[in-house]
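Here the protein sequences line up with chains A and B, keeping their order.
For the first sequence, the working numbering assigns the number 186 to the initial residue and increments by one for each residue that follows.
For the second sequence, the working numbering assigns the number 529 to the initial residue and increments by one for each residue that follows.
Have a look at the structure below before the remarks.
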Amino acid sequence: KNQVEQSPQSLIILEGKNCTLQCNYTVSPFSNLRWYKQDTGRGPVSLTIMTFSENTKSNGRYTATLDADTKQSSLHITASQLSDSASYICVVSAWGGGNKLTFGTGTQLKVEL
Amino acid sequence: DVKVTQSSRYLVKRTGEKVFLECVQDMDHENMFWYRQDPGLGLRLIYFSYDVKMKEKGDIPEGYSVSREKKERFSLILESASTNQTSMYLCASSPPGVGNTEAFFGQGTRLTVV
């Protein structure tokens, strides 16, 4: 069964600090992995996509990494801002089976002053 | 901008009522999805559709049905609402094909069944 596990479940950091969120997956055959940001009361919005051949990708203060061998991804947030407070969801897509996605349960990040 | 619009942000319904959740997308996407999101469980797929009048069951279809009469509209129907269907419902759409496609989500509908 395809699964995506994220850690930690929740995280509180001070504004300006960095943090790293983790995602482990057992989705096969792997197609791509996306990190989504979901603000409270809103739908998820894609931050970045990682394909099999990519090791790292940045989107502003967000940097995602992918290790396809160990089936792990991380999302690093640099110089956090209050607006980074949200749930971050790791989503993995498998080849075949249409566009069915396997979602992690998310990491709830809170950035405080 | 891609836009996926869900008809209601908040709904309160009584047990046993028939409930319609509407979703419209303006990107001419073939694929549309309905998910529910519960704390600690993440997003779970209820139904999806690849084309007009086409539907397939997701992981948790029991107690739900869907309708896709037009390409831009995908409706989720709770035939007889129950309290365990209290949840956040998210609609999404994506272009066709496998691989590097992004799902675009609506704002969500928070449904409470009392």
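Note that CB positions come from ideal geometry on N, CA and C, so glycine has one too.
The model shown is predicted, which means the values in this text are computed figures rather than measured ones.
Straight-line CA distance for T629 of chain B to P193 of chain A?
As a position in the second sequence, residue 629 of chain B is number 101, starting the count at 1. As a position in the first sequence, residue 193 of chain A is number 8, starting the count at 1. Approximately 27 Å between the Cα atoms of the pair.
Chain A within 8 Å of L618 of chain B, Cβ atoms only
Residue numbering aside, residue 618 of chain B sits at position 90 when the second sequence is read from its first letter. For L618 of chain B, the answer is yes, since a Cβ of chain A falls inside 8 Å of its Cβ.
Work out the CA separation of N244 of chain A and A264 of chain A for me, nearest whole Å.
Along the first sequence, one-based indexing puts residue 264 of chain A at 79. Along the first sequence, one-based indexing puts residue 244 of chain A at 59. So the two alpha carbons sit approximately 13 Å from each other.
Touch test, the segment 586 to 598 of chain B against the segment 223 to 240 of chain A, Cβ-Cβ under 8 Å, three pairs minimum:
no
Alpha-carbon spacing of L618 of chain B relative to V212 of chain A, whole angstroms
For the purposes of this step, residue 618 of chain B is taken as residue 90 along the second sequence, with counting starting at 1. For the purposes of this step, residue 212 of chain A is taken as residue 27 along the first sequence, with counting starting at 1. Cα-Cα distance, rounded: 22 Å.
How big is the Cα-Cα spacing for R564 of chain B and L604 of chain B?
Along the second sequence, one-based indexing puts residue 564 of chain B at 36. Along the second sequence, one-based indexing puts residue 604 of chain B at 76. Near 11 Å, if we compare the C-alpha coordinates of L604 of chain B and R564 of chain B.
In three-state terms, what does DSSP make of N244 of chain A?
Start at 1 with the first residue of the first sequence, and residue 244 of chain A comes out as number 59. Here N244 of chain A sits in strand by DSSP.
Using the Cα positions of E631 of chain B and L286 of chain A, report the straight-line distance between them to the nearest angstrom.
In the second sequence, residue 631 of chain B corresponds to position 103, counting from 1. In the first sequence, residue 286 of chain A corresponds to position 101, counting from 1. One detail in the question is off: residue 631 of chain B reads as Ala in this sequence, not Glu. L286 of chain A has its alpha-carbon roughly 9 Å from the corresponding atom of A631 of chain B.
Proximal chain B residues relative to G228 of chain A, where beta-carbon distance stays under 9 Å:
For this step, residue 228 of chain A is matched to residue 43 along the first sequence. What G228 of chain A touches in chain B: V532, Q534, L618, C619, A620, F632, F633, G634, Q635, G636.
Could you compute how far the alpha carbon of C551 of chain B sits from the alpha carbon of H261 of chain A?
Taking the second sequence and counting its residues from 1, one reaches residue 551 of chain B at position 23. Taking the first sequence and counting its residues from 1, one reaches residue 261 of chain A at position 76. Going from the Cα of C551 of chain B to the Cα of H261 of chain A covers about 33 Å.
Should L549 of chain B be flagged as near chain A, meaning a C-beta pair shorter than 8 Å?
Taking the first residue of the second sequence as 1, we reach residue 549 of chain B at position 21. Cβ-Cβ to chain A under 8 Å: no for L549 of chain B.
Exposure label - P229 of chain A; buried when at least 16 CB within 10 Å:
Locating residue 229 of chain A in the first sequence gives position 44, where the first residue counts as 1. By the Cβ neighbour-count rule, P229 of chain A is buried, with 16 or more other Cβ atoms within 10 Å of its own.
Among B:S595, B:E600, B:T640, which has the Cα closest to the Cα of S615 of chain B?
Your numbering for residue 615 of chain B matches position 87 in the second sequence. That would be B:T640, whose Cα lies nearest to the Cα of S615 of chain B.
Within the continuous beta strand (DSSP E) that includes A620 of chain B, where are the two ends?
The residue you call residue 620 of chain B lines up with position 92 of the second sequence. Start and end: 615 to 622.
Buried or exposed: which applies to F215 of chain A, given that a residue is buried once 16 or more other Cβ atoms fall within 10 Å of its Cβ?
Taking the first residue of the first sequence as 1, we reach residue 215 of chain A at position 30. It is buried - the Cβ of F215 of chain A has at least 16 other Cβ atoms within 10 Å.
Taking only beta-carbon atoms, is L286 of chain A less than 8 Å away from chain B?
Mapped onto the first sequence, residue 286 of chain A falls at position 101. So, interface residue.
Close Cβ partners of R246 of chain A (< 7 Å) along its chain, the five nearest in sequence each way excluded
In the first sequence, counting from the first residue as 1, residue 246 of chain A sits at position 61. Apart from the 5 residues on each side of it in sequence, R246 of chain A sits with its Cβ closer than 7 Å to the Cβ of I262, T263, A264 in its chain, given in chain order.
How far does the beta strand (DSSP E) with K541 of chain B in it reach, from first residue to last?
By 1-based counting over the second sequence, the position of residue 541 of chain B is 13. Residues 538 to 541.
Ordered along the chain, which non-local residues of its own chain (more than five positions away) have a Cβ less than 7 Å from that of S258 of chain A?
The count along the first sequence starts at 1 and reaches residue 258 of chain A at position 73. For S258 of chain A, where only same-chain residues beyond five positions count, the Cβ hits under 7 Å are C208, L218, M235, A249, T250, L251, C275.
Assuming T183 of chain A contacts L196 of chain A (C-beta within less than 8 Å), just tell me the rounded distance between them.
Past the edges of chain A, shown from 186 to 298, lies residue 183 of chain A, and the structure says nothing about it.
Neighbourhood of K202 of chain A by C-beta distance below 7 Å, restricted to the same chain and skipping five residues each side:
Here residue 202 of chain A refers to the residue found at position 17 when the first sequence is read from its first residue. Within the same chain, K202 of chain A has close Cβ partners S265.
Looking only at its own chain, which residues have a Cβ that is under 6 Å from the Cβ of L594 of chain B, when we skip the five neighbours before and after it?
Taking the second sequence and counting its residues from 1, the one referred to as residue 594 of chain B is at position 66. The question names Leu, yet the displayed sequence has Val at residue 594 of chain B. Closer than 6 Å at Cβ, skipping near neighbours: Y575, K583, L604.
Do you know whose CA, among B:T637, B:R601, B:V547, B:Y538, lies nearest S577 of chain B's CA?
As a first step, residue 577 of chain B is located in the second sequence; it is residue number 49 there, counting from the start. Measuring from the Cα of S577 of chain B, the nearest candidate turns out to be B:R601.
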